[in-house]
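With my numbering applied, the sequence shown closes on residue 291, and no number is skipped along the way. Please read the structure below before turning to the comments.
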Amino acid sequence: MRLILLGPPGSGKGTQAQRLVQRYGIVQLSTGEMLRAAVAAQTPVGIKAQHIMASGGLVPDEIVVGIISDRLDQPDAARGFILDGFPRTVPQAEALDELLKKKHIKLDAVVELRVNESALLQRVETRVAEMQARGGEVRIDDTPEVLTKRLASYRALTEPLIHYYSERRKLLTVDGMMAIEHVTREIDRILAAIGAVEAKAAKKAGEARRTAKTGKSGAKTAARTASKSAAKGTGASGKAARASRKAGKPASKRAKSRLARPPRVPGSAPPERPGKALKRSRKSELKRRDG
Ligand code: AP5
Ligand code: MG
Numbered sequence: 001m002r003l004i005l006l007g008p009p010g011s012g013k014g015t016q017a018q019r020l021v022q023r024y025g026i027v028q029l030s031t032g033e034m035l036r037a038a039v040a041a042q043t044p045v046g047i048k049a050q051h052i053m054a055s056g057g058l059v060p061d062e063i064v065v066g067i068i069s070d071r072l073d074q075p076d077a078a079r080g081f082i083l084d085g086f087p088r089t090v091p092q093a094e095a096l097d098e099l100l101k102k103k104h105i106k107l108d109a110v111v112e113l114r115v116n117e118s119a120l121l122q123r124v125e126t127r128v129a130e131m132q133a134r135g136g137e138v139r140i141d142d143t144p145e146v147l148t149k150r151l152a153s154y155r156a157l158t159e160p161l162i163h164y165y166s167e168r169r170k171l172l173t174v175d176g177m178m179a180i181e182h183v184t185r186e187i188d189r190i191l192a193a194i195g196a197v198e199a200k201a202a203k204k205a206g207e208a209r210r211t212a213k214t215g216k217s218g219a220k221t222a223a224r225t226a227s228k229s230a231a232k233g234t235g236a237s238g239k240a241a242r243a244s245r246k247a248g249k250p251a252s253k254r255a256k257s258r259l260a261r262p263p264r265v266p267g268s269a270p271p272e273r274p275g276k277a278l279k280r281s282r283k284s285e286l287k288r289r290d291g
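Laid out in structure tokens, this is it:
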């Protein structure tokens, strides 16, 4: 699985990336973490990045593209990866497209974590408090002033990527305002729906959905969001949506049914439609009554 996690500072990219790493055994490639390590080690890249990061700006594209290119060549990235915080500009996204093309790697999806800006300061403050409680090092950019600048950088330079990936039918939007657990479940669900995770993992996610009552509202949100892109023929589910549009289903139903459907196991029979099973049980009920 090859994913990009997109979202403003504090939206939960790092949190969700770590949960995906545990679930699917793939690597998290966080440019923020790599740059912080470079700053701590005072490497030439770290020395250049230090002041930019402390002020809430973005490190030059060529530096981060170089870091990611090297990282993708390492053997642990071969099984799959989650890009957390990269790309962050359109030129970075274009450079990534080139890199992936050269390496014959296909990107599965870009998951956008959508959150209300008003929640972000609170989250960053919580992270500071948690770090202090653990005796860890607080991030130099986790202050209200720098967060304001990071948000401005996000809006000006990173937000255009939503359009960039939506046009390329890679974008899947998840409601990042839900509890951490529910966001994870929702990501699992949409990854299963587009076939980015194997049947076994998808089944596990499906079982979790059925047993967790609270997951329902999240499922509806993603289905609604996906239905918008599906209606336009955009989004990672656009292909399937266009096919079902031909069958004459309304956009909302198309997206919901697409997302609700578990991925096919290669070689297995197609799953029976729920309507068929219902008809059959009605027939046998009538037969039984007629004697
Ligand atoms: P980076 O490290 O990527 O930081 P960021 O994008 O600002 O994002 P954060 O790490 O602050 O937030 P997050 O979305 O990971 O949220 P988290 O899961 O931690 O980049 C830092 C800097 O490096 C940049 O400003 C830039 O200078 C430079 N840089 C990095 N990449 C670059 C690039 N590609 N190009 C140029 N420059 C680059 O969660 C935050 C808190 O919220 C946590 O406490 C968490 O527990 C909590 N939380 C998470 N989800 C939820 C939830 N659903 N509900 C409640 N709380 C939640
Ligand atoms: Mg992070």
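The beta carbon of each residue, even a glycine, is placed where N, CA and C say it ideally should be.
Selected residue, minimal CA-CA separation from residue i, among the options
i    : options                : result
H163 : V90, L58, V45, E125    : V90
S166 : Q132, A93, A133, A192  : A93
V124 : T15, T184, K103        : T15
G32  : R134, I63, R23         : I63
K106 : R189, M131, L72, E159  : L72
L121 : E145, V111, R185, L6   : E145
A78  : L100, I67, I194, P87   : L100
E159 : G7, H51, R2            : G7
A152 : M1, P9, R2             : P9
A193 : A40, D108, F86, S30    : D108
Y24  : R2, I47, E137          : R2
V138 : S30, I47, A40          : A40
G195 : E181, K170, R127, I180 : K170
R88  : R168, T148, R155       : R155
V115 : I180, K102, E98, D188  : I180
T143 : A133, A129, D188       : A129
S118 : R19, T148, Q132        : T148
Q74  : K103, R189, I47, Q42   : K103
S30  : L161, F86, H51, D188   : F86
Secondary structure of residue i, DSSP reduced to three states
i    : result
R139 : coil
A222 : With a pLDDT of 43 at A222, under the threshold of 50, the predicted position of this residue should be treated as unreliable, though the coordinate-derived value follows. Correct three-state label for A222: helix.
L72  : helix
A247 : Only weak support is given to the placement of A247: the predicted model assigns it a pLDDT of 34, under 50, and the value that follows is read from those uncertain coordinates. A247 falls in the coil class under three-state DSSP.
R88  : coil
I26  : coil
R36  : helix
I105 : coil
L5   : strand
Q18  : helix
L58  : coil
S11  : coil
T31  : helix
Beta-carbon gap between residue i and residue j smaller than 7 Å
i    : j    : result
G80  : I26  : yes
M53  : D141 : yes
G176 : L113 : yes
V45  : A37  : no
G296 : R150 : The requested residue 296 does not occur in the structure, where the chain is confined to residues 1 to 291.
A17  : D84  : yes
V111 : L172 : yes
A49  : V65  : no
V183 : L191 : no
Q28  : I82  : yes
Any non-hydrogen atom of ligand 3 within 6 Å of residue i CB
i   : result
P91 : Of the ligands this structure carries, namely ligand 1 and ligand 2, none is ligand 3.
- Query: Using the beta carbon as the reference atom, which residues fall closer than 7 Å to any heavy atom of ligand 2, ordered along the chain?
  - Reply: K13, G14, S30, G32, D84, G85
- Query: Enumerated in chain order, which unbroken segments of the alpha helix (DSSP H) with a length of 4 residues or greater are wholly contained in the stretch 110-198?
  - Reply: 117-134, 144-153, 160-167, 180-193
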